[in-house]
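So the structure is just underneath, and the comments pick up after that.
Protein chains: 2
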Amino acid sequence: MREDNSYEVIRDVFTEYLIKKQHRKTPERYAILEHIYLHEGHFDAELLYNAMQKDYRVSLATIYNTLELLLDCSLIVKHPFVGQTAQFEKTFGNSIHHHLVCSKCGAVKEFSDKKIRTTIQAKNFASFEITHYSLYLYGLCNKCKNERKKS
Amino acid sequence: MREDNSYEVIRDVFTEYLIKKQHRKTPERYAILEHIYLHEGHFDAELLYNAMQKDYRVSLATIYNTLELLLDCSLIVKHPFVGQTAQFEKTFGNSIHHHLVCSKCGAVKEFSDKKIRTTIQAKNFASFEITHYSLYLYGLCNKCKNERKKS
DNA sequence: TTTGTTGCAAAACGTTTGCAGCCTC
DNA sequence: GAGGCTGCAAACGTTTTGCAACAAA
Chain W
215 MREDNSYEVI
225 RDVFTEYLIK
235 KQHRKTPERY
245 AILEHIYLHE
255 GHFDAELLYN
265 AMQKDYRVSL
275 ATIYNTLELL
285 LDCSLIVKHP
295 FVGQTAQFEK
305 TFGNSIHHHL
315 VCSKCGAVKE
325 FSDKKIRTTI
335 QAKNFASFEI
345 THYSLYLYGL
355 CNKCKNERKK
365 S
Chain X
215 MREDNSYEVI
225 RDVFTEYLIK
235 KQHRKTPERY
245 AILEHIYLHE
255 GHFDAELLYN
265 AMQKDYRVSL
275 ATIYNTLELL
285 LDCSLIVKHP
295 FVGQTAQFEK
305 TFGNSIHHHL
315 VCSKCGAVKE
325 FSDKKIRTTI
335 QAKNFASFEI
345 THYSLYLYGL
355 CNKCKNERKK
365 S
């Protein structure tokens, strides 16, 4: 039972945040949070929107609004990656990892490296309060490397 | 005279790339490359477009087209950062550095850390050919940290 | 001469905003 | 009951695209 990151706990974190900031605890906000925490992997606003239509109907505007709040209380992080749409990812229950991004096809793979993690986390600044970090390694995935040889 | 990265060399790299890919060597492409390499710092497509109007008139479409080519031959890199416009940066003649990004106001500061650099560069993958990497540390800059206390 | 490239304008795309009605507090 | 929140649709800003004219090969 290593489930410290069960949805109950996450929900409490969000509730606490909403209270502190005097934001309202609307069903939409919890529905979005729940959907995010019950699913795996990266997502963008539209993917989330489409996926949610089945169980709980929310507008895209509300999705964007809520993602903003979740970012603010660090329950999710935003990944720029390469494409034109912002990718999000939940923070709790995820092991810390880094990203390999193929410059050609945009495919994203995750990897984990303890040494890199430790080295980065050791860093701190007097005039900047670090909350999180992202490391992206760019290059060519095998598939694109092979295709490239032809052109 | 440590100018291995003078514009002449860069220009040759680009020429070689254009020939290899059988792309045409148009004056616009060289004008854009030259402008990028003769100026410092990050830029986005529109900034480059506006800046170039004075010396050489190119359309935004051509700017985007050429940036694509320059990315492809690794003469520039693309930074997603946080905002809605992609930021670019030349690769040669720049010391390797990392970025501090303020989640609140979007301010970007550069820093350099040899240990981090070495650790990351030691990494390699069998099925992925790394061309470059980006490390972003996110958090609150001093200015925003102070403002936040109020709300 | 051929065909890739340019410039322009229009279109597309993700995201934000204005506003009327709703619902949390 | 008041005011923040929602949904909708329209607006926005960045990037992409279609097409005719142009110019590199």
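Respectively, the protein sequence lines represent chains W and X. Taking this note's numbering, the leading residue of the first sequence gets 215, the next gets one more, and so forth. Taking this note's numbering, the leading residue of the second sequence gets 215, the next gets one more, and so forth. Just so it is clear, CB atoms sit at the ideal spot from N, CA and C, and this is done for glycine as well. Quick caveat: nothing in here was measured; it's all calculated off a predicted structure.
- Counting along the chain, W/Y270 sits inside no beta strand (DSSP E), nor does DSSP assign it H or E at all.
- At the C-beta level, X/E303 and X/V291 come within 7 Å of one another.
- For a Cβ distance threshold of 7 Å, nothing in chain X lies close to W/S326: the least Cβ distance comes to about 11 Å.
- Uninterrupted beta strand (DSSP E) stretches at least 3 residues long and entirely within the stretch 254–319 of chain W occur at 290–293, 301–304, 312–316, given in chain order.
- Rounded to the nearest whole angstrom, the C-alpha separation of X/F257 and X/G307 is 16 Å.
- For W/F342, the enclosing beta strand (DSSP E) covers residues 342–355.
- For W/F325, DSSP records a beta bridge to W/H312.
- Counting of Cβ neighbours within 10 angstroms places W/S317 among the buried residues, the total reaching 16 or more.
- For W/G320, the closest Cβ of chain X is not nearer than 7 Å.
- Remark: three or more beta-carbon pairs, one from each stretch, lie closer than 8 Å, so the stretch 231–243 of chain X and the stretch 276–288 of chain X are flagged as touching.
- Comparing alpha-carbon positions, the option among W/M266, W/F325, W/S341 lying closest to W/I246 turns out to be W/M266.
- For the set W/Q236, W/L261, W/H249, W/S273, the Cα lying nearest the Cα of W/A300 is the one of W/L261.
- Under a 10 Å Cβ-count criterion, W/L349 is classified as buried, with 16 or more other Cβ atoms of the shown protein chains found around its own Cβ.
- Using a Cβ-Cβ cut-off of 7 Å, W/K359 counts as an interface residue toward chain X, since at least one Cβ of chain X sits closer than that to its own.
- The Cβ neighbour count for X/Y263, taken over all protein chains shown within 10 Å, is at least 16; the residue is labelled buried.
- Following the DSSP letters along the chain, one finds X/L252 in no alpha helix (DSSP H), marked with neither H nor E.
- Under a criterion of Cβ atoms nearer than 7 Å, the residues of chain X adjacent to W/H346 are, in order, Y352.
- Taking a Cβ-Cβ cut-off of 9 Å, the neighbours of X/L314 in chain W comprise F339, F342, I344, given in sequence order.
- Only buried fits X/L289, as 16 or more other CB atoms lie within 10 angstroms of its CB.
- Contact annotation: X/Y352 and W/T332 have beta-carbon atoms that are not nearer than 7 Å.
- Residue contact check for X/T333 against chain W: a CB pair falls below 7 Å.
- Note on geometry: alpha-carbon atoms of W/T276 and X/R225 lie some 49 Å from one another.
- Contact annotation: in the stretch 227–243 of chain W, residues whose CB is within less than 8 Å of a CB in chain X are K235.
- Taking a 10 Å sphere around the C-beta of W/Y270, we find fewer than 16 other C-beta atoms and assign the residue as exposed.
- For W/T229, the uninterrupted alpha helix (DSSP H) run begins and ends at 221–234, by DSSP.
- For a Cβ distance threshold of 9 Å, residue set S341, F342, E343 of chain W lies close to X/C355, ordered along the chain.
- Within chain W, the residues whose beta carbon sits less than 7 Å from that of X/K329 are T333, listed in sequence order.
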